[in-house]
Structures are given as C-alpha cells and as structure tokens.
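For reference, the structure discussed in these notes is given below.
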C-alpha cells in the first residue's frame, strides 16, 4: 500500500493514500464507497504552467536519481511523485520549486 504520512509536531496526523486503495479499504470494511462530488474535488488551475517540469521523469532519470531518493529529498512520498510524473496529480508551488531546484531547472524562483 502506498501511504504518505503527514506529521505535525513529530506526531502522525494524516495518512494519504491513492483513491483506489481507499476504495478497496472501504469495500473490505463493508462500507459504501462514496464518489467524489464536484464541490469536494480540487482541480488544478487550467493556466498552471508546468512546462519546465513537463518531462519530470526524464529530468529525474537524466540526473540518475531514483524516484525514492528525489521524493524524499523534496519531502513527498515516492507514490505521490509517481502520480506527479504520470500527470495524475499537479504539485503545488512549493513542491514545484523543490523539484525544479533539485533537478536544476532554470527559473525555479519565479513562482511563489
């Protein structure tokens, strides 16, 4: 199971897991599987420019970095980085800056 643990003050506070794994857990627990509603689903802004990191996997591989190493350096889980690389998730500005910095992409300071 690909779980990201988010801690506050050194204590685990949240567990983040892929949607399909969440659905499987609900099914195993015998609970109804809710589907996301438009009001509860967050979508990336359409004008979000990720061109410098569009080929994130290629940039990472060119640097000889394992997905696990880059993810931990940036402060995210390898599974979340995999979702970003596949285009299933759009990283926030802080993660984009960290990825750009670690991969040597020019202009990493442009966005706040």
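Residue numbers (the UniProt record's numbering): 1 to 112.
Virtual Cβ for every residue (Gly too), placed ideally from N, Cα, C.
Could you tell me whether the Cβ atoms of residue 56 and residue 84 are closer together than 8 Å?
What you label residue 56 is simply residue 56 of the chain shown in a count that begins at 1. What you label residue 84 is simply residue 84 of the chain shown in a count that begins at 1. Judged by their CB atoms, residue 56 and residue 84 are nearer to each other than the 8 Å cut-off.
Leaving out five residues before and five after residue 44 in sequence, what residues of the same chain have Cβ atoms less than 6 Å from its Cβ?
For the purposes of this step, residue 44 is taken as the residue at position 44 of the chain shown. Low per-residue confidence applies at residue 44: pLDDT is 47, beneath 50, and the placement is therefore not dependable, though the value from the model is reported in the following sentence. Excluding sequence neighbours, residue 44 sits near 90.
Separation of residue 95 from residue 64, as counted between CA atoms
Here the question's residue 64 lines up with position 64 in the chain shown. Here the question's residue 95 lines up with position 95 in the chain shown. If you take the alpha carbons of residue 64 and residue 95, they lie about 20 Å apart.
Considering only their Cβ atoms, is the gap separating residue 2 from residue 79 smaller than 8 Å?
Locating residue 79 in the chain shown gives position 79, counting from the first residue. Locating residue 2 in the chain shown gives position 2, counting from the first residue. A contact, by the Cβ cut-off of 8 Å.
I'd like to confirm the pairing. Which residues does DSSP put opposite residue 16 in its beta bridges?
As a first step, residue 16 is located in the chain shown; it is residue number 16 there, counting from the start. Beta-bridge pairing links residue 16 to 4.
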